[in-house]
Amino acid sequence: MSGMSLVVKVVTRITAAIIFLFGCYVSLTGQLALGGGFAGGIIIAVGYILYVLAYGKSEAEIKTSKEGAVVMMCLGMILFLMLALLGFIGGSFFNNFLPKGQAGEIWSAGSIPLCNLAIMLEVGAGLYLVFLNLITFNVTVREEEE
Amino acid sequence: MFLLYLFLLFILIGALIAVEIHNLLSSVIAVGTIGLGLCIVFLLLGAPDLAITQLVVEILVLIILIRATLASSLPDTYKGREFLAYAITLLFILFFGGFAFYAFKSLPPFGEPMMQLANRYIYEGWQKTGATNLVAGVMLDFRSLDMLGAATVLFAAIVGTLVILRKKGRKEVNERDESGS
Numbered sequence: 068m069s070g071m072s073l074v075v076k077v078v079t080r081i082t083a084a085i086i087f088l089f090g091c092y093v094s095l096t097g098q099l100a101l102g103g104g105f106a107g108g109i110i111i112a113v114g115y116i117l118y119v120l121a122y123g124k125s126e127a128e129i130k131t132s133k134e135g136a137v138v139m140m141c142l143g144m145i146l147f148l149m150l151a152l153l154g155f156i157g158g159s160f161f162n163n164f165l166p167k168g169q170a171g172e173i174w175s176a177g178s179i180p181l182c183n184l185a186i187m188l189e190v191g192a193g194l195y196l197v198f199l200n201l202i203t204f205n206v207t208v209r210e211e212e213e
Numbered sequence: 011m012f013l014l015y016l017f018l019l020f021i022l023i024g025a026l027i028a029v030e031i032h033n034l035l036s037s038v039i040a041v042g043t044i045g046l047g048l049c050i051v052f053l054l055l056g057a058p059d060l061a062i063t064q065l066v067v068e069i070l071v072l073i074i075l076i077r078a079t080l081a082s083s084l085p086d087t088y089k090g091r092e093f094l095a096y097a098i099t100l101l102f103i104l105f106f107g108g109f110a111f112y113a114f115k116s117l118p119p120f121g122e123p124m125m126q127l128a129n130r131y132i133y134e135g136w137q138k139t140g141a142t143n144l145v146a147g148v149m150l151d152f153r154s155l156d157m158l159g160a161a162t163v164l165f166a167a168i169v170g171t172l173v174i175l176r177k178k179g180r181k182e183v184n185e186r187d188e189s190g191s
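First to last, the protein sequences are chains F and V. Just so we're aligned: the first sequence equals residues 68 to 213 in our numbering. Just so we're aligned: the second sequence equals residues 11 to 191 in our numbering.
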């Protein structure tokens with residue numbers, strides 16, 4: 068049985084969902100209040116890392132594989148670049164081409180929420196990948212030494 | 011203002027301990043105290059946006075550093091020629107200290123005269139971007155090229171770690187390098 072004890076696993080199962088929810092909230096309301104894509108993405112990455120630490124690497128990879136995380140990271144980066152290029156509709160690179168809307172509502176500020184979403188995908192998946200890679204690298208080094 | 015200087019002193023002491031202590035794990039934990047102190051300094055200066063980001067980044071970096079420290083066995087630090095190293099360090103500290111002294115004298119006082127561009131951002135920013143969070147408005151609308159640069163740097167760094175720490179393609183112990191490939 069890999070991972071930590073049963074108590075840690077049960078508590079992680081409850082708290083990890085709340086951490087994901089908080090990360091999504093922080094990044095999707097970045098145009099209204101504190102936060103943004105970067106902070107929200109890192110909160111989501113911390114949630115995944117908590118899951119890996121509690122359940123062990125093999126069981127956590129069933130939920131999110133490394134390949135899936137790579138796809139998410141590249142998707143975020145491409146989405147951000149696409150938003151930058153779509154700014155040419157409004158005239159220039161990175162122009163805020165969507166309608167501004169009423170300030171203070173959730174669908175306001177044009178393309179800023181979409182940019183936040185793209186950065187959340189890239190940062191969250193990327194930092195999770197760094198942690199996953201460090202763990203797997205240690206495992207392979209130990210196997211070679213034995 | 012007294013609290014601010016207290017936390018700055020706290021950060022300085024943490025940095026000194028992190029550099030001077032011999033145990034690697036204790037050094038990593040001292041680095042953690044620097045980041046958390048910096049988080050509180052951001053809060054005191056009225057930048058809660060930065061404080062949130064600093065806090066979560068610090069926690070993540072601390073986890074990664076501890077995970078990397080526990081499994082690594084670094085060799086002892088380089089010894090010898092200490093006099094030369096100390097002399098060069100002292101020389102550079104004096105040089106940059108003197109430079110900073112003259113540079114800081116010509117700066118405007120803390121937050122005093124607002125620049126014309128910053129003025130426009132602050133008073134017209136929410137009308138032009140529609141974002142009530144001014145930081146997001148500046149970061150992703152006025153200055154989004156900076157954000158693109160930051161995202162690209164992060165992307166490149168993560169791809170670099172993926173390449174260095176990959177499992178496939180690692181050579182056998184006795185295998186020699188192939189020339190020309």
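All residues carry an ideal CB built from backbone N, CA and C; glycine is no exception.
Contact with chain F by residue i, beta-carbon distance below 7 Å
i: residue 113 of chain V; result: no
i: residue 102 of chain V; result: no
i: residue 118 of chain V; result: no
i: residue 130 of chain V; result: no
i: residue 142 of chain V; result: yes
i: residue 50 of chain V; result: no
i: residue 44 of chain V; result: no
CA nearest to the CA of residue i, picked from the options
i: residue 169 of chain F; options: V:106, V:140, V:101; result: V:140
i: residue 67 of chain V; options: V:56, V:48, V:113; result: V:48
i: residue 185 of chain F; options: F:124, F:175, F:150, F:203; result: F:150
i: residue 85 of chain F; options: F:117, F:99, F:200, F:167; result: F:117
i: residue 199 of chain F; options: V:50, V:77, V:12; result: V:77
i: residue 143 of chain F; options: F:183, F:197, F:88, F:81; result: F:183
i: residue 28 of chain V; options: V:50, V:42, V:113; result: V:42
i: residue 196 of chain F; options: V:162, V:80, V:74; result: V:74
i: residue 154 of chain F; options: V:150, V:166, V:17, V:32; result: V:150
i: residue 88 of chain F; options: F:99, F:202, F:115, F:75; result: F:115
i: residue 120 of chain F; options: F:79, F:193, F:166; result: F:79
i: residue 69 of chain V; options: F:109, F:202, F:167; result: F:109
i: residue 164 of chain F; options: V:31, V:138, V:100, V:133; result: V:138
Supposed close pair residue i, residue j - CB separation, criterion 8 Å
i: residue 127 of chain V; j: residue 136 of chain V; result: Contact doesn't hold; Cβ gap of about 16 Å is too wide.
i: residue 3 of chain V; j: residue 52 of chain V; result: Here chain V has residues from 11 to 191 only, and residue 3 of chain V is not among them.
i: residue 111 of chain F; j: residue 187 of chain F; result: 7 Å
Chain V within 7 Å of residue i, Cβ atoms only
i: residue 106 of chain F; result: yes
i: residue 184 of chain F; result: no
i: residue 162 of chain F; result: no
i: residue 109 of chain F; result: yes
i: residue 142 of chain F; result: no
i: residue 157 of chain F; result: no
i: residue 189 of chain F; result: yes
i: residue 198 of chain F; result: yes
Alpha helix (DSSP H) runs wholly inside the segment 11–58 of chain V, at least 4 long, in chain order: With a minimum length of 4 residues, the continuous alpha helix (DSSP H) runs that stay inside the segment 11–58 of chain V are 12–30, 34–54.
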